[in-house]
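Heads up: the sequence shown begins at 1 in the UniProt record's numbering, then just goes up one per residue.
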Amino acid sequence: MSLLLDSRATELTVDKFICYITCDTVYNLCLSPLSSFPGPRLWAVSNIPRQLSILGGRSHLKMLALHHRYGPVVRVGPSELSFNSPQGFRDIYGFRRGQPQFQKDPKMYGSPLTGISNSIGGHVDSDTHSRHRRLLSHSFSERSLREQEGIVVYYVDLFIQRLRERTSVNKIHRAEEDLKSWFNFTTFDIIGDLMFAETFDCLKDSQLHPWIALMFNNVKGIAFLGVLNEYSLFRKMQGALLPKALKQKMLENHKLCAQKADRRLQKGASRPDFVSAILKHGLSDDKEEFIENQPLMSRAEIHANSIL
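Here it is as structure tokens:
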């Protein structure tokens, strides 16, 4: 008798689940306020396809392909739209005089394992984000950029020198050279010197510094945490669900960054670089706050790809 009751209970649970999925699918495809926007139907009924593309590290390519197919506005989730136009960027991220700024969705920002925000972009509240943005802006003023020019020119000259050396060797062996790697070496050396007053010697050694590989793994971990953060059930278990090897690399990246932050803060504001400009305008000597302002390092590869 108990087995029969258990079987009936299981059947009812399955029937309810199927009914829920069916109703949810019909609503998302036909009745949702976003049902009129173009996009893949599977993406319109579930967040899983988008999340898989994020975890696979190809979401940027997939989004671009979707926009090429469907246009500047694409539905990429049951309750999400993706915009790919200058006007859309201005409307969403721009400042509108006399109007409140759009608030960030907390689900899109994974809880950091280290107790601090992953970057300036990780602050959900507008006040904190604005404060850090103002601090960073001083590093890119005309005066600061002119003071930093000598550092940049040094690495550009070294870049040209190394390319000439490689060209001479390649002529003899009829070999080709990977310019993307050399642009990466240059941008990482420049950003490392301007941020930490320490070169990574990528141009000198003709290879990326080991810490840079850790930073790339840190980006993977942030993406993984971001996906978990979309589910309230997993939100408080992120540390346990994150793959052990990836978690270890993220913590190691934070440790190395903290060590570099300590050494840089000890040098004060006398050196013409990013940190000096920030320190002169209100950044505390708290290394955790300094670490929150080091996302420029992860942008170096973007700069290299832009040059290409």
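Yeah, the Cβ is synthetic: ideal placement off N, Cα and C, and Gly gets one too.
Roughly how many angstroms lie between the CA atoms of F234 and G77, to the nearest whole one? Residue 234 sits at position 234 when you count from the first residue of the sequence shown. Residue 77 sits at position 77 when you count from the first residue of the sequence shown. Between F234 and G77, the C-alpha separation is close to 19 Å.
Under 9 Å, do L29 and R41 count as touching if we go by C-beta distance? As a working note, residue 29 is residue 29 in the sequence shown. As a working note, residue 41 is residue 41 in the sequence shown. Against a cut-off of 9 Å, the Cβ pair of R41 and L29 comes out as a contact.
Which of helix, strand or coil does DSSP assign to E230? Looking up residue 230 in the sequence shown gives position 230. Reduced to three states, the DSSP call for E230 is coil.
Given G221, which residues of its chain have a CB within under 6 Å of its CB, disregarding the five upstream and five downstream residues? For the purposes of this step, residue 221 is identified with residue 221 of the sequence shown, where counting begins at 1. Within the same chain, G221 has close Cβ partners L246 and M250.
Check whether the segment 270-280 touches the segment 136-150, taking contact to mean three or more Cβ pairs, one atom from each stretch, closer than 8 Å. yes
Assuming R134 and F196 are in contact, meaning their beta carbons sit under 8 Å apart, how far apart are those beta carbons, in whole angstroms? Your numbering for residue 134 matches position 134 in the sequence shown. Your numbering for residue 196 matches position 196 in the sequence shown. About 22 Å separates the two Cβ atoms, so there is no contact after all.
Alpha carbon to alpha carbon, how far is K104 from I172? Translated into positions along the sequence shown, residue 104 becomes position 104. Translated into positions along the sequence shown, residue 172 becomes position 172. Each residue's Cα considered, the two are about 55 Å apart.
Pop quiz: G71 and P38 are said to be a contact at Cβ under 8 Å. What is the actual Cβ separation, rounded to whole angstroms? Residue 71 sits at position 71 when you count from the first residue of the sequence shown. Residue 38 sits at position 38 when you count from the first residue of the sequence shown. Right, their Cβ atoms sit about 6 Å apart.
In chain order, what residues of the same chain have a beta carbon less than 8 Å from the beta carbon of L55, not counting five sequence neighbours either side? Start at 1 with the first residue of the sequence shown, and residue 55 comes out as number 55. If we look at L55 and ignore the five residues flanking it on each side, its Cβ neighbours are A223, F224 and V227.
Between which two residues does the beta strand (DSSP E) carrying E80 extend? Counted from its first residue, the sequence shown places residue 80 at position 80. Its beta strand (DSSP E) spans residues E80 to F83.
C202 and L208 - do their beta-carbons sit closer together than 9 Å? Counting from 1 along the sequence shown, the entry for residue 208 is found at position 208. Counting from 1 along the sequence shown, the entry for residue 202 is found at position 202. Contact flag set, yes.
Among residues of its own chain, excluding the 5 on either side of N253, which ones have a beta-carbon nearer than 8 Å to its beta-carbon? Taking the first residue of the sequence shown as 1, we reach residue 253 at position 253. Same-chain partners within the cutoff: W211, L214, M215, N217 and N218.
On the DSSP bridge list, what partners appear for R75? Sequence index remark: in the sequence shown, residue 75 carries index 75 (1-based). DSSP, once it has assigned bridges, lists L81 as partnering R75.
Taking the continuous alpha helix (DSSP H) assigned at T199, which residues delimit it? For the purposes of this step, residue 199 is taken as the residue at position 199 of the sequence shown. Where T199 is concerned, there is no enclosing alpha helix (DSSP H), given that its DSSP letter is neither H nor E.
Can you tell me whether DSSP reads E147 as helix, strand or coil? Residue mapping note: residue 147 aligns to position 147 of the sequence shown, counting from 1. Looking at E147 - three-state DSSP - the assignment turns out to be helix.
Cβ distance (whole Å) where T186 is taken to contact Y154 below 8 Å: Walking along the sequence shown from the start, residue 186 turns up at place 186. Walking along the sequence shown from the start, residue 154 turns up at place 154. T186 to Y154, Cβ: 11 Å. No contact.
To the nearest whole angstrom, what separates the beta carbons of L81 and R75, a pair I think is in contact under 8 Å? Stepping through the sequence shown from its first residue, residue 81 is reached at position 81. Stepping through the sequence shown from its first residue, residue 75 is reached at position 75. Contact flag correct, Cβ pair sits at about 6 Å.
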